[in-house]
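So the structure is just underneath, and the comments pick up after that.
This is the structure:
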């Protein structure tokens, strides 16, 4: 039942067909949004899908959750990445959605840490082009404080330094919290999304202020699904190898030997007194593919610990 309610390949194929046949006047993004809500409402008639996400509402993770599941899903905001994992692990949510990587700031440490603690899988991804905006109720010249989460401020630091030197930069837990403060405090601004501007009745003082105009965050959909191969997949791997010279090179050589494209690798220190690192790897292909099976078999013989975190359809960044 759950697999029928979460079908990223079927959804993406439908959207691709609709966008290819669209002759206007609505843009492709609008067509996608309309049919996302239709699919979400239709699936609600079968069974409500409960999705935990890193909140609060109108954060970028909320935007990613709506993009994948639609607004008819039971979207449940929680306050931490760990809480998202716990909701899914306890069966309180069918799926969770968390940020895993940003093209500017790199890995999301809290997400990687939770994969080492709980036996959950990645069963999909959403990539969102992040467009930060300066929001306020007052004119730009009257903004004296600018709130946002640390990552958002970091991603806009050059623009803020050049264009808002008079304003203090203050960190809060989310872009939505920042928008609430901008709504309620005189002289306050927020770095947040257009969706937050609409929901909190704020003016867009400056648009798309991120320093990297190709700023993309990748979100992982977590659950216990085993997704079937699509021909356009990504596999995630958690790996611990012996802490000795050449061990990592030996493990990685299997990717070259089997002609597997490794797309991401991150190291993560082991907890406790043990020396060494865990490695998180992403590579193209599905764990059911013969070449991937050979690669994983080769690596497992060298590994202290190896867990396939999931194989799932690759997505393209959405603006």
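In the numbering used here, the protein residues as written are 653 to 971. Every residue, glycine too, gets a C-beta built ideally from N, C-alpha and C.
Check whether residue i and residue j have beta carbons under 8 Å apart
i, j, result
"residue 969", "residue 760", "no"
"residue 808", "residue 861", "yes"
"residue 942", "residue 884", "no"
"residue 831", "residue 844", "yes"
"residue 847", "residue 715", "yes"
"residue 789", "residue 820", "no"
"residue 954", "residue 902", "yes"
"residue 805", "residue 823", "yes"
Separation of residue j from residue i, as counted between CA atoms
i, j, result
"residue 893", "residue 930", "8 Å"
"residue 717", "residue 703", "8 Å"
"residue 653", "residue 751", "The predicted model places residue 653 with a pLDDT of 46, which falls under 50 and marks its position as unreliable; any figure quoted below should be read in that light. Near 26 Å, if we compare the C-alpha coordinates of residue 751 and residue 653."
"residue 878", "residue 967", "17 Å"
"residue 655", "residue 796", "For residue 655, the predicted model reports a pLDDT of 48, less than 50, meaning its position is unreliable and no value from the coordinates is stated."
"residue 949", "residue 669", "38 Å"
"residue 906", "residue 945", "11 Å"
"residue 840", "residue 708", "19 Å"
"residue 889", "residue 920", "13 Å"
"residue 864", "residue 870", "15 Å"
"residue 813", "residue 785", "15 Å"
"residue 873", "residue 711", "16 Å"
"residue 866", "residue 747", "28 Å"
Residue i: first and last residue of the uninterrupted alpha helix (DSSP H) it sits in
i, result
"residue 963", "Unbroken run through residue 963 is the beta strand (DSSP E), 957-965; no alpha helix (DSSP H)."
"residue 905", "899-909"
"residue 738", "733-741"
"residue 770", "Careful: residue 770 lies outside any alpha helix (DSSP H) and carries neither H nor E."
"residue 712", "712-721"
"residue 925", "Residue 925 -> no alpha helix (DSSP H), and no H or E assigned at all."
"residue 804", "802-807"
Under the three-state DSSP convention, the category residue i falls into
i, result
"residue 789", "coil"
"residue 813", "helix"
"residue 851", "helix"
"residue 970", "strand"
"residue 882", "coil"
"residue 675", "coil"
"residue 949", "helix"
"residue 823", "strand"
"residue 598", "Because residue 598 is not part of the residues shown, which for the chain are 653 to 971, the question remains open."
"residue 829", "helix"
"residue 656", "Unreliable positioning characterises residue 656 in this predicted model, as indicated by a pLDDT of 46, which lies under 50. A coordinate reading is not provided."
"residue 794", "helix"
"residue 842", "strand"
"residue 934", "strand"
Residue i, enclosing beta strand (DSSP E) - first and last residue
i, result
"residue 921", "914-921"
"residue 869", "868-875"
"residue 704", "702-706"
"residue 749", "747-754"
Open item on the list: Closer than 8 Å is the cut-off here; do at least three beta carbon pairs connect the region 931-939 with the region 907-919?
Closed with: yes
Task: Contact the region 731-747 vs the region 850-857: 3+ CB pairs below 8 Å - done: no
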